[in-house]
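Enquirer: Can you read through this structure? Questions will come right after.
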Amino acid sequence: MNSGANFSGINEAKADMGSIYDRPDPRAYFNTLETLDYSIPSNAKPLFQKLISQLRRQRSHDEICVLDLGCSYGVNAALLKHDVSMDDLYEHWTQVEMKNATSDEVIQNDQQYFEELGDPENLKVIGVDQAENAVAFAEEIGLVDEGLPLNLEQESLPPEARQNLEPVDLMISTGCVGYVTEKSFEQLMPMVTEYQPAWIANFVLRMFPYNRIENTLRRWGYETEKLTDHFFRQRRFASAEEQNQVMEQLESQDVDPTGLEADGHFVAEFYLSRPAAEVRELPLQRLLAV
Ligand SMILES: C[S@@+](CC[C@H](N)C(=O)[O-])C[C@H]1O[C@@H](n2cnc3c(N)ncnc32)[C@H](O)[C@@H]1O
C-alpha cells in the first residue's frame, strides 16, 4: 500500500486527544471537548442536511445511506437523525447525574434518551472509525446502523464489510481528515461507487492540504469543489502553545491565519466531491442555493 500524505508532522502542532476517542461511552469525549467549544459537527449539520435533501430529490429512494468516516460515538449520526444540537449533546453527556454511572447504565439511559426524541430521520448510517469501543457504543444505542471498527490507513477493508453494506449515497467526515489520508479514501472508493457514486463531503482543517485526497478522488472520476469564503470553527485552541504551533504550520504553507486561527480557533473548510458530470450540471454554489 502506498504511504499517505504526511500529516503526522502537521498533527504534532495539535494537542493529543487520543485518550478520549476510544472509551466505552462518550462522557470523557464530551466533558473534554465542551471546554474547548468543539462545534464542527453542529456547524456541518445544515450543509449535510442540504445534501441529504438534494440526494433524496435526485435518487429514487427516500432512505439515504450515509457513511461517516471517523464516526466516533455517533456524533454526526445523532445530529442528522434527530432534532438535537451539539449543545443538547453536551448537556446530555456531561450531566452530573450520570457522572458515576457505569457504561452499561449510560448505554441504557442513552437508548431511552434517543428513543424519546421520537422518530428519527429516514437515514441509514454506516460508521467507520478505528476506535472499536466508540463504534460499538454508537451501534449499541442505535445511532450507527452498521459499525466498522477499522483503521484503513493500516489495514485493508475486509471483503465481507463491502458485501454486507447498503449502497452509500453520501460519505461525510468532521474532524477526521488529518488523522486519515488519501489511503482511507482509496480503500473506501470501490464500496461507495459500486452502485451509484456517492457524494463525498468533508470538513477539513485549513492546516491539512487536501490536494492528495482530491487527486485520489479524481482518479475515480470525481471533481472536488471547495466552498469559497466560508469558514467553519472547529474548536478553541487548547493552549497558547497549540495556537502558536498551528499558526506556524499555516504560515509555512502560505495560509494566512489573520481573522481566523489568529482569533483563537481551529478553522475548517468544506469540500464536496462528486462525479465530474454532476458537478458540471449543478456546481456547488448552485446546488446549495436550490
Ligand atoms: C476529532 S474526532 C472526530 C469525531 C467525530 N467525527 C466528531 O466530529 O465528533 C476524530 C476521530 O477520528 C478517529 N480516527 C483517528 N484516526 C483514525 C483512522 N486512522 N481511521 C479511522 N478513524 C480514525 C478517532 O478515533 C476519532 O473518533
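The sequence shown finishes on residue 293 if you use this note's numbering, and the numbering steps up by one all the way, no holes. Built from N, CA and C at the ideal position, the CB exists for glycine as well.
1. Is it the case that the Cβ atoms of Ala-271 and Ile-43 are separated by a distance below 8 Å?
2. Ordered along the chain, which non-local residues of its own chain (more than five positions away) have a Cβ less than 7 Å from that of His-85?
3. Kindly identify the DSSP beta-bridge partner or partners of Arg-277.
4. Let me confirm a value: Ala-137 is counted as buried when at least 16 other C-beta atoms fall within 10 Å, else exposed. Which label applies?
5. Exposed or buried, Gly-181, counting other C-beta atoms within 10 Å across all chains shown (16 or more means buried)?
6. How big is the Cα-Cα spacing for Ala-31 and Glu-100?
7. Please name the residue in Asn-205, Arg-239, Glu-284 whose C-alpha comes closest to that of Phe-51.
8. Please state the DSSP three-state secondary structure of Met-4.
9. On the criterion of 16 or more Cβ atoms from any shown chain inside 10 Å, does Tyr-198 qualify as buried, or is it exposed?
10. If you run the structure through DSSP and keep just helix, strand and coil, what is Gly-121?
11. So does Asp-19 have its beta carbon nearer than 7 Å to some heavy atom of ligand 1?
12. Within 7 Å: the Cβ of Glu-189 and any heavy atom of ligand 1?
13. Where does Leu-290 sit, in a helix, a strand or coil, going by DSSP?
14. Taking contact to mean at least 3 C-beta pairs separated by less than 8 Å, is the region 87–98 in contact with the region 155–175?
15. Let me know the secondary structure DSSP gives Met-1 once reduced to three states.
16. List the DSSP bridge partners of Val-270.
17. Beta carbon of Leu-230, beta carbon of Phe-273: below 8 Å?
18. Quick one: residues in its chain with C-beta nearer than 6 Å to the C-beta of Gly-130, no 5 flanking neighbours on either side, listed in chain order?
19. Straight-line CA distance for Val-109 to Cys-179?
20. Go ahead and label Thr-177 buried or exposed: buried means 16 or more other beta carbons lie within 10 angstroms of its beta carbon, across all protein chains shown.
21. Tell me the start and end of each unbroken beta strand (DSSP E) in the region 61–127 that is at least 3 residues and wholly inside, in chain order.
22. Have a look at Asn-5 and Lys-186 and give me their C-alpha separation to the nearest angstrom.
23. Taking its Cβ as the centre, do 16 or more other Cβ atoms sit within 10 Å of Asn-79, making it buried, or is it exposed?
24. Can you find a heavy atom of ligand 1 that lies under 7 Å from the Cβ of Leu-155?
25. Is Gln-52 near ligand 1, in the sense that its beta carbon is under 7 Å from a heavy atom of that ligand?
Expert: In short, the structure shows the following:
1. Taking the C-beta atoms as reference points, Ile-43 is found nearer than 8 Å to Ala-271.
2. Sequence-distant partners of His-85 (beyond 5 residues in either direction) whose C-beta falls short of 7 Å from its own C-beta, in its chain, are Phe-117, Leu-120, Pro-123.
3. According to DSSP, which records beta bridges pairwise, Arg-277 is partnered with Glu-226.
4. That one is buried.
5. It is buried - the Cβ of Gly-181 has at least 16 other Cβ atoms within 10 Å.
6. The alpha-carbon separation between Ala-31 and Glu-100 amounts to approximately 15 Å.
7. Nearest option by C-alpha distance: Asn-205.
8. Residue confidence for Met-4 is low, a pLDDT of 46 falling below 50, so the modelled location carries little weight and cannot support an answer.
9. By the neighbour-count criterion, in which 16 or more other beta carbons inside 10 Å mark a residue as buried, Tyr-198 falls on the exposed side.
10. In the structure shown, Gly-121 falls within a coil segment according to DSSP collapsed to helix, strand and coil.
11. Relative to ligand 1, the beta carbon of Asp-19 is positioned no closer than 7 Å to any heavy atom.
12. Distances between the C-beta of Glu-189 and the heavy atoms of ligand 1 are all 7 Å or more.
13. Leu-290 falls in the helix class under three-state DSSP.
14. Flag = no, the region 87–98 and the region 155–175 do not touch.
15. Residue 1 falls outside the range modelled here, since the chain spans only 4 to 293, and no answer is possible.
16. Under DSSP, Val-270 takes part in a beta bridge, and its partners are Arg-236.
17. Yes, Cβ-Cβ distance for Leu-230 and Phe-273 is below 8 Å.
18. So the list reads Asp-71, Cys-74, Val-138, Ala-141, Val-147, Gly-150, once near-sequence residues are dropped.
19. Rounded to the nearest angstrom, the two C-alpha atoms are 25 Å apart.
20. Thr-177 is buried by the Cβ-count criterion.
21. For the region 61–127, whole beta strand (DSSP E) runs of length 3 or above, ordered along the chain, are 67–72.
22. Unreliable placement is indicated for Asn-5, whose pLDDT of 48 sits below 50; the coordinate value is still reported in the next sentence. Answer to the nearest angstrom: the Cα atoms are 8 Å apart.
23. Asn-79 should be labelled buried.
24. Checking the Cβ of Leu-155 against ligand 1 gives yes.
25. False, no ligand heavy atom lies under 7 Å from that Cβ.
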